[in-house]
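**Q**
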Amino acid sequence: MCRRVWCLIWGTSSCVAQVSVWTLGSAANSSVTLWNSVLPIAVLPDTLRQLVSPLEDSPIATRFANAVSRGAVFPEVSAEFCNAASLVCDSHVQIASYGLERVEAAPRASAIKTINDFQFDFFLEKNLFVGGEMQLSENLHDPIPARPFLPRVVADSLPSLTTANLPKLRQMFNIADKASMSTMMGTAAYLCENPALPGEDKECPITLAAMAQFVSSQLGSEVEALSTSGSPTEAPHLKAPVKIETVTKRSLTEGDHIIICHTIMFPSALYYCHHVSGTKVVQASLRAQDNSVIHAVGICHLDTSMWASEHPAFTALNIPRGAEACHWSTQNDMVWVSTATQ
């Protein structure tokens, strides 16, 4: 029955592949045009350009969105859409940073309470100097697999990302209730539905347009994107030292006008973006043991009094709650700064 419904609504699987390939060029142009209308001065980073959906503005995206709106999504239809849209809808994805020791026992990773719990490789700003060394656990490799944003028409048809809507969202992406992906979707919903920390604003953009609109609403149109580059495509097996070759410490004024967008796991690209204050952006060139150079972007939080008392940064740096703590961003995270303040 599912195959028949798929054929009636969508056509054959070969048609799906043809539509996906045919729309690659127009999708990129459509998304870039929309980006430029919201952030006309900002350069669209390659990291985000590569996340444009191959199905943007395609008939298959519109038909799937209509099916979602009618509640007529069958497992086979969802699987076909995930494949055509290059999503990660595997029920058993394993990502160590989520701490999924007992997937079947919890609706989300129990260790994750705020977005700060995803951070690692903490350091003190005073220890960031040319000629120094520091230990990196994965050389800022992002363990989350690459996948594109949803087509906008599909994103608009989704129920909001909340724990109450998880059954519908799992059905849409054909994810089993007790699978590891289900747990990570629960973590994403938990983080995104909770209110921002005092003094912050946040959004969880699931499309390129949503990210541009949030950045513009918080910082205006004069912005610059910073991101870590040069990290390995696969994580090193052992924690190893890197040598600090160059250091740039940006202004405190700028640190009151930044947005940090952390990538979090979901079948499609999903970011947790928060507008934070009381920070400083730092950049450094870090030479790894294999002689590669990581161009790293880090954030120093000048006041950590709002962080949980059991946050690992306090133990790792041997500092009290409230003291300044810095961490690096992984390769697919984005840091937005206001160029109007520079």
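First residue of the sequence shown? That's 106 in the numbering used here, and the numbers climb one at a time after it. The beta carbon of each residue, even a glycine, is placed where N, CA and C say it ideally should be. Everything numeric in this text was worked out from a predicted model, so none of it was measured.
1) Name the two residues that bound the continuous beta strand (DSSP E) containing P346.
2) Determine the burial state of S356: buried for a count of at least 16 other Cβ atoms within 10 Å of its Cβ, exposed for fewer.
3) Going by DSSP, what residues sit across from F228 in a beta bridge?
4) I'd like the span of the alpha helix (DSSP H) that includes M290, first residue to last.
5) Compute the Euclidean distance between the alpha carbons of A260 and V173, then round it to the nearest angstrom.
6) Determine, using beta carbons only, whether L139 and L313 come nearer to each other than 9 Å.
7) Nearest to M316 by CA position, among R168, L274, P300, I365, is which residue?
8) On a Cα-Cα basis, can you pick out the residue from P417, V398, K273, L149 that is closest to P346?
9) From the DSSP output, in three-state form, read off T384 for me.
10) I need the straight-line Cα distance from P159 to H400, nearest angstrom please.
11) A184: which of N232, A251, L149, F278 sits nearest, CA to CA?
12) Excluding the 5 residues preceding and the 5 following V178 in the sequence, name in chain order all residues of the same chain whose CB lies nearer than 7 Å to its CB.
13) Quick one: Cα of A445 to Cα of G383, how far?
14) So S262 is in the alpha helix (DSSP H); what residue range does that whole segment cover?
15) Kindly confirm or deny that the region 226-246 and the region 426-439 touch, where touching means at least three C-beta pairs closer than 8 Å.
16) Can you tell me whether DSSP reads L375 as helix, strand or coil?
17) According to the neighbour-count rule (16 or more other Cβ atoms, all chains shown, within 10 Å of its Cβ), is H197 buried or exposed?
18) If you draw a straight line from the alpha carbon of T288 to that of E298, how long is it in whole angstroms?
19) Please tell me whether S135 has its Cβ less than 9 Å away from any Cβ of chain B.
20) Would you identify the three-state DSSP class for D306, choosing helix, strand or coil?
21) Spatial neighbours of T167 within its chain, please: C-beta separation below 7 Å, excluding the five flanking residues on both sides.
22) Are there 16 or more other CB atoms within 10 angstroms of the CB of D151, so buried, or fewer, so exposed?
23) Secondary structure at C187, three-state DSSP: helix, strand or coil?
24) What does DSSP give as the partner residues of E238 in its beta bridges?
25) Taking just the CA atoms, how far does A294 sit from D282?
26) On the criterion of 16 or more Cβ atoms from any shown chain inside 10 Å, does S336 qualify as buried, or is it exposed?
27) Where K385 and V328 are concerned, what is the direct C-alpha to C-alpha distance, given to the nearest angstrom?
28) Report all residues from its chain with a CB closer than 6 Å to the CB of E230; omit the five preceding and five following residues, and keep chain order.
29) Helix or strand or just coil, what does DSSP make of V157?
30) Classify W412 as helix, strand or coil using the three-state DSSP reduction.
31) As a quick exercise: from K348, Q199, P250, pick the residue whose alpha carbon is nearest that of N396.
32) State yes or no: is the C-beta of S191 within less than 9 Å of the C-beta of P253?
**A** On the basis of the coordinates in this document:
1) 345-354
2) exposed
3) C431
4) 285-298
5) 10 Å
6) yes
7) I365
8) V398
9) strand
10) 29 Å
11) F278
12) A172, Q276, M277
13) 18 Å
14) 257-262
15) yes
16) coil
17) exposed
18) 15 Å
19) Judged by its chain identifiers, the structure shown contains no chain B, having just a single protein chain.
20) strand
21) V258
22) exposed
23) helix
24) K348
25) 14 Å
26) buried
27) 16 Å
28) C405, C431
29) coil
30) coil
31) K348
32) yes
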